[in-house]
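Engineer:
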Amino acid sequence: MSAVLDHPAHAGGHAHDAHDHHHGPSGWRRWLFATNHKDIGTLYLLFSFTMLMVGGVLALLIRAELFQPGLQLVNPELFNQLTTMHGLIMVFGAIMPAFVGFANWMVPLQIGASDMAFARMNNFSFWLMIPAALLLVGSFFMPGGAPAAGWTLYAPLTLQMGPSMDAGIFAMHILGASSIMGSINIIVTILNMRAPGMTLMKMPMFCWTWLITAYLLIAVMPVLAGAITMTLTDRHFGTSFFNPAGGGDPVMYQHIFWFFGHPEVYIMILPAFGIISQIVPAFARKKLFGYASMVYATSSIAILSFIVWAHHMFTTGMPVTGQLFFMYATMLISVPTAVKIFNWVATMWRGSMTFETPMLFAVGFIFVFTIGGFTGLILAMAPIDIQLQDTYYVVAHFHYVLVAGSLFALFAGVYYWLPKWTGVMYSEVRGKIHFWASLIFFNITFFPMHFLGLAGMPRRYADYPMQFADFNAIASIGAFGFGLAQVYFFVAVVLPCMRGNGAKAPQKPWDGAEGLEWEVPSPAPFHTFETPPKLDATATRVIG
Amino acid sequence: MTAEQKKSNLRMALVLASVAATFFVGFMAKIILLNH
Numbered sequence: 003m004s005a006v007l008d009h010p011a012h013a014g015g016h017a018h019d020a021h022d023h024h025h026g027p028s029g030w031r032r033w034l035f036a037t038n039h040k041d042i043g044t045l046y047l048l049f050s051f052t053m054l055m056v057g058g059v060l061a062l063l064i065r066a067e068l069f070q071p072g073l074q075l076v077n078p079e080l081f082n083q084l085t086t087m088h089g090l091i092m093v094f095g096a097i098m099p100a101f102v103g104f105a106n107w108m109v110p111l112q113i114g115a116s117d118m119a120f121a122r123m124n125n126f127s128f129w130l131m132i133p134a135a136l137l138l139v140g141s142f143f144m145p146g147g148a149p150a151a152g153w154t155l156y157a158p159l160t161l162q163m164g165p166s167m168d169a170g171i172f173a174m175h176i177l178g179a180s181s182i183m184g185s186i187n188i189i190v191t192i193l194n195m196r197a198p199g200m201t202l203m204k205m206p207m208f209c210w211t212w213l214i215t216a217y218l219l220i221a222v223m224p225v226l227a228g229a230i231t232m233t234l235t236d237r238h239f240g241t242s243f244f245n246p247a248g249g250g251d252p253v254m255y256q257h258i259f260w261f262f263g264h265p266e267v268y269i270m271i272l273p274a275f276g277i278i279s280q281i282v283p284a285f286a287r288k289k290l291f292g293y294a295s296m297v298y299a300t301s302s303i304a305i306l307s308f309i310v311w312a313h314h315m316f317t318t319g320m321p322v323t324g325q326l327f328f329m330y331a332t333m334l335i336s337v338p339t340a341v342k343i344f345n346w347v348a349t350m351w352r353g354s355m356t357f358e359t360p361m362l363f364a365v366g367f368i369f370v371f372t373i374g375g376f377t378g379l380i381l382a383m384a385p386i387d388i389q390l391q392d393t394y395y396v397v398a399h400f401h402y403v404l405v406a407g408s409l410f411a412l413f414a415g416v417y418y419w420l421p422k423w424t425g426v427m428y429s430e431v432r433g434k435i436h437f438w439a440s441l442i443f444f445n446i447t448f449f450p451m452h453f454l455g456l457a458g459m460p461r462r463y464a465d466y467p468m469q470f471a472d473f474n475a476i477a478s479i480g481a482f483g484f485g486l487a488q489v490y491f492f493v494a495v496v497l498p499c500m501r502g503n504g505a506k507a508p509q510k511p512w513d514g515a516e517g518l519e520w521e522v523p524s525p526a527p528f529h530t531f532e533t534p535p536k537l538d539a540t541a542t543r544v545i546g
Numbered sequence: 004m005t006a007e008q009k010k011s012n013l014r015m016a017l018v019l020a021s022v023a024a025t026f027f028v029g030f031m032a033k034i035i036l037l038n039h
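Listed in order, the protein sequences are those of chains A and B.
Just so we're aligned: the first sequence equals residues 3 to 546 in the working numbering.
Just so we're aligned: the second sequence equals residues 4 to 39 in the working numbering.
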């Protein structure tokens with residue numbers, strides 16, 4: 003995927019007049035020493051897709067084991083390692099880096115900046131992820147196998163595990179440092195480097211959602227780092243923060259973890275909201291309905307995300323007043339979330355809609371993410387949650403939010419901006435095959451899990467009674483179909499574009515799209531907006 | 004990027020980094036010192 007244009011057309015006018023030629027390093031040096039935001043964005047996206055495949059293979063091993071009752075392929079210990087590593091890799095290795103990749107590529111382009119504020123730190127943020135990923139994946143080969151305490155790394159399990167837990171903790175520290183550096187970079191870029199005329203309330207929604215997400219990251223990643231540091235000192239330095247044998251409190255770990263963990267959920271979904279807010283207006287050929295309310299709703303969701311953490315812990319025991327507080331606070335989040343859903347629907351209302359692949363994924367996102375939102379509301383009710391805690395209903399809920407939510411939005415964003423990134427139009431037919439295969443197989447995989455959970459099947463078990471066999475078999479078949487659909491996406495959609503096979507993309511392939519990224523040629527030149535562009539009153543066009 | 008903007012960027016980055024450091028140290032200090 004190259005962003006370099008040797009002889010770019012001058013369709014972008016002012017945006018690229020001074021530095022069309024890229025004189026930086028080439029070959030492997032270009033990537034290892036990359037300081038260009040587009041190159042680093044590409045690295046993040048390729049890394050996250052690789053981790054998606056690794057996490058996907060672990061998921062398929064889980065589903066293969068659960069295809070029928072009894073133990074067929076893995077023993078229960080390995081099964082616990084698979085569920086733990088699947089969660090960790092998908093959250094920290096696939097979804098989060100993918101959104102950072104989008105931020106690297108699109109934030110400077112959308113605000114008219116020449117690059118990220120700290121280009122070398124940007125390089126460091128990315129390359130820190132490689133040793134962290136190697137530590138995580140390599141932990142499978144350590145004595146005792148990979149961490150198996152669940153992605154939440156609950157004590158006291160973490161205190162009883164082998165050396166791979168130390169590798170896991172170290173990896174999380176590295177990933178946390180990378181995230182904090184990335185967040186600082188994004189905040190400074192957005193607040194300090196916008197082109198003249200790009201006021202905050204004229205900024206594209208994707209930048210707004212990332213600005214808020216970056217603040218969330220800065221607030222909560224250090225809390226996770228603190229929790230796992232205390233786990234480390236409990237393991238090796240004689241403390242007893244979470245070790246009940248020494249007077250520690252494992253439930254305190256859960257409080258600290260979920261103070262990080264719930265905002266983390268929004269870290270993985272707010273940038274997705276931003277992508278959808280870019281795509282829906284483009285294919286409805288209307289302005290985004292309620293722009294200001296979208297900004298306030300995003301901020302409200304971020305603030306509320308700090309006061310709902312204990313809804314993950316209703317069964318640990320807490321006063322009724324505590325249950326009521328966390329239940330009502332959680333339900334309150336549905337208000338700003340509904341504002342966003344209604345605004346997207348209102349944007350589509352009476353629009354001249356067309357359904358190219360980005361819009362299909364965006365509409366699919368709205369439908370399926372909303373189902374995940376509703377099951378979240380059901381789980382927010384303490385009396386119901388106490389029944390459904392740690393059942394497959396919860397697994398279904400968060401996969402509807404994170405796969406149909408975050409992942410579908412990422413796919414929508416890839417299809418939307420791929421012409422800008424590569425200069426090549428992807429195959430619309432292949433894109434639609436990918437969408438329908440993903441949507442259908444996703445629902446085949448995860449919808450039956452609602453029934454399994456309601457019937458009482460617990461999560462994180464390698465075996466189950468015969469009564470759950472049918473729905474598990476269906477879910478496993480769906481999972482393999484979903485996995486194949488993603489391989490198809492890479493082979494049939496992404497690779498041809500990276501290799502330059504396909505129709506040449508125009509500067510603005512979507513006639514309803516607005517924003518500064520469409521003011522530069524496709525593919526985006528290596529250097530863009532080297533001198534701050536002069537913008538029109540709406541800050542969506544370059545006029546000089 | 005002008006020298007002034009670089010300086011302004013660095014100042015803001017240090018403020019944000021100090022917020023992150025405060026959360027990290029503060030959370031642990033709270034648990035170590037105030038938990039009984």
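Ideal Cβ placement from N, Cα and C applies to all residues, glycine included.
If you're wondering where the values come from, they're calculated on a predicted model, not measured in any experiment.
Keeping to the same chain, check which residues put their C-beta closer than 7 Å to that of M459 of chain A; ignore five residues upstream and five downstream.
Structural biologist: By one-based count along the first sequence, residue 459 of chain A stands at place 457. Once the five neighbours on either side are set aside, the close Cβ partners of M459 of chain A are T393, Y394, Y466 and F470.
Engineer: Going by alpha carbons, who is nearest to A114 of chain A out of A:E521, A:A505 and A:A539?
Structural biologist: For the purposes of this step, residue 114 of chain A is taken as residue 112 along the first sequence, with counting starting at 1. Correcting the residue identity first, residue 114 of chain A is Gly in this sequence and not Ala. Among A:E521, A:A505 and A:A539, the Cα nearest to that of G114 of chain A is on A:E521.
Engineer: Can you name the residues of chain B whose CB is closer than 7 Å to the CB of G228 of chain A?
Structural biologist: For the purposes of this step, residue 228 of chain A is taken as residue 226 along the first sequence, with counting starting at 1. Under the 7 Å cutoff, chain B gives F27, F30 and M31.
Engineer: Run through chain A and tell me which residues come within less than 7 Å of S11 of chain B, C-beta to C-beta.
Structural biologist: In the second sequence, the residue the question calls residue 11 of chain B occupies position 8. Correct list: N194.
Engineer: Would you mind giving the Cβ-Cβ distance between G480 of chain A and F27 of chain B, rounded to the nearest angstrom? I have them listed as a contact below 8 Å.
Structural biologist: Within the first sequence, numbered from 1, the residue matching residue 480 of chain A stands at position 478. Within the second sequence, numbered from 1, the residue matching residue 27 of chain B stands at position 24. In fact, because the Cβ distance is near 41 Å, the residues do not count as touching under 8 Å.
Engineer: Kindly indicate which three-state DSSP category V6 of chain A falls into: helix, strand or coil?
Structural biologist: One-based indexing of the first sequence puts residue 6 of chain A at position 4. No answer about V6 of chain A holds up, because its pLDDT of 36 lies below 50 and its placement is not dependable.
Engineer: Quick one: is N245 of chain A buried, meaning 16 or more other Cβ sit within 10 Å of its Cβ, or exposed?
Structural biologist: Residue numbering aside, residue 245 of chain A sits at position 243 when the first sequence is read from its first letter. N245 of chain A comes out buried.
Engineer: Compare the C-beta of A20 of chain B with all C-beta atoms of chain A and state if any pair is closer than 9 Å.
Structural biologist: For the purposes of this step, residue 20 of chain B is identified with residue 17 of the second sequence, where counting begins at 1. By this cut-off, A20 of chain B is an interface position.
Engineer: With 16 other CB atoms within 10 Å as the buried threshold, where does W423 of chain A fall?
Structural biologist: Taking the first residue of the first sequence as position 1, residue 423 of chain A is located at position 421. Label assigned to W423 of chain A: buried.
Engineer: To the nearest angstrom, how far is it from the Cα of H264 of chain A to the Cα of T154 of chain A?
Structural biologist: Walking along the first sequence from the start, residue 264 of chain A turns up at place 262. Walking along the first sequence from the start, residue 154 of chain A turns up at place 152. Cα to Cα, the separation comes out at about 11 Å.
Engineer: Is the shortest distance between the beta-carbon of A23 of chain B and the beta-carbons of chain A less than 9 Å?
Structural biologist: Within the second sequence, residue 23 of chain B is the residue found at index 20, counting from 1. Closer than 9 Å to some Cβ of chain A, the Cβ of A23 of chain B qualifies, so yes.
Engineer: Quick one: measure Cβ to Cβ for P508 of chain A and F473 of chain A, integer angstroms, because I've assumed they're closer than 8 Å.
Structural biologist: Working through the first sequence from its first residue, we reach residue 508 of chain A at position 506. Working through the first sequence from its first residue, we reach residue 473 of chain A at position 471. Contact doesn't hold; Cβ gap of about 47 Å is too wide.
Engineer: Counting contacts by CB-CB distance shorter than 9 Å, is G15 of chain A in contact with chain B?
Structural biologist: On the first sequence, residue 15 of chain A is found 13 positions in, with the first residue counted as 1. Residue placement at G15 of chain A is poorly supported in this model, since its pLDDT is 40, which falls under 50; the coordinates are not used for a value here.
Engineer: Give me the Cα-Cα distance between G164 of chain A and P158 of chain A, rounded to the nearest whole angstrom.
Structural biologist: In the first sequence, residue 164 of chain A corresponds to position 162, counting from 1. In the first sequence, residue 158 of chain A corresponds to position 156, counting from 1. Their Cα atoms are separated by approximately 13 Å.
Engineer: The ligand SAM and Q74 of chain A: does any heavy atom of the ligand fall closer than 8 Å to the residue's C-beta?
Structural biologist: Within the structure as shown, the ligand SAM is missing, as the structure has no ligands at all.
Engineer: Taking the alpha helix (DSSP H) that Y330 of chain A falls in, what are its first and last residues?
Structural biologist: Within the first sequence, numbered from 1, the residue matching residue 330 of chain A stands at position 328. V322 to L334 is the span of the alpha helix (DSSP H), which, as asked, contains Y330 of chain A.
Engineer: Which residue spans inside the region 205–243 of chain A form an unbroken alpha helix (DSSP H) run of at least 4?
Structural biologist: Here the runs fully enclosed are 207–238.
Engineer: Applying a beta-carbon distance threshold of less than 7 Å, which residues of chain A neighbour A16 of chain B?
Structural biologist: Indexing the second sequence from 1 puts residue 16 of chain B at position 13. The answer, in chain order, is F120, I186 and V190.
Engineer: Applying a beta-carbon distance threshold of less than 8 Å, which residues of chain B neighbour M232 of chain A?
Structural biologist: To locate residue 232 of chain A, count along the first sequence from 1; it is residue 230. Within 8 Å Cβ-Cβ: M31 and I34.
Engineer: Return the CA-CA distance between A23 of chain B and F262 of chain A, expressed in angstroms with no decimal places.
Structural biologist: Translated into positions along the second sequence, residue 23 of chain B becomes position 20. Translated into positions along the first sequence, residue 262 of chain A becomes position 260. Each residue's Cα considered, the two are about 13 Å apart.
Engineer: Could you check whether the Cβ of M451 of chain A sits closer than 9 Å to any Cβ belonging to chain B?
Structural biologist: As a working note, residue 451 of chain A is residue 449 in the first sequence. So no, M451 of chain A is outside the interface.
Engineer: Pick from A:F484, A:T349, A:I545 and A:L130: whose alpha carbon is nearest that of F410 of chain A?
Structural biologist: Here residue 410 of chain A is taken as the residue at index 408 of the first sequence, counted from 1. The option with the nearest alpha carbon to F410 of chain A is A:F484.
Engineer: Output the residue ranges of the alpha helix (DSSP H) runs that lie fully inside the region 373–427 of chain A and measure 4 residues or longer, sorted by chain position.
Structural biologist: The qualifying runs are 384–390, 394–403 and 410–424.
Engineer: How many Å lie between G250 of chain A and I442 of chain A at the Cα?
Structural biologist: Here the question's residue 250 of chain A lines up with position 248 in the first sequence. Here the question's residue 442 of chain A lines up with position 440 in the first sequence. So the alpha carbons of these two residues sit roughly 47 Å apart.
Engineer: Using only the alpha-carbon positions, how far apart do Y255 of chain A and M108 of chain A sit?
Structural biologist: To locate residue 255 of chain A, count along the first sequence from 1; it is residue 253. To locate residue 108 of chain A, count along the first sequence from 1; it is residue 106. The straight-line gap from Cα to Cα measures roughly 37 Å.
Engineer: Is it buried or exposed, I132 of chain A, if we count other Cβ atoms within 10 angstroms and call 16 or more buried?
Structural biologist: One-based indexing of the first sequence puts residue 132 of chain A at position 130. By the neighbour-count rule (16 or more Cβ atoms within 10 Å), I132 of chain A is not buried but exposed.
Engineer: My understanding is that L45 of chain A touches F128 of chain A, with C-beta atoms under 8 Å, so please give their C-beta distance in whole angstroms.
Structural biologist: Here residue 45 of chain A refers to the residue found at position 43 of the first sequence. Here residue 128 of chain A refers to the residue found at position 126 of the first sequence. Contact holds; Cβ gap of about 5 Å.
Engineer: Assuming contact is defined by CB atoms lying nearer than 9 Å, are A100 of chain A and L138 of chain A in contact in what I supplied?
Structural biologist: Within the first sequence, the letter at position 98 stands for residue 100 of chain A. Within the first sequence, the letter at position 136 stands for residue 138 of chain A. No, Cβ-Cβ distance for A100 of chain A and L138 of chain A is not below 9 Å.
Engineer: Confirm, please, whether the CB-CB distance from A384 of chain A to H313 of chain A is below 9 Å.
Structural biologist: Mapped onto the first sequence, residue 313 of chain A falls at position 311. Mapped onto the first sequence, residue 384 of chain A falls at position 382. Yes, Cβ-Cβ distance for H313 of chain A and A384 of chain A is below 9 Å.
Engineer: Whose C-alpha, out of A:S50, A:L226, A:I214 and A:Y268, is nearest the C-alpha of I189 of chain A?
Structural biologist: Counted from its first residue, the first sequence places residue 189 of chain A at position 187. Taking only the C-alpha atoms, the option nearest I189 of chain A is A:I214.
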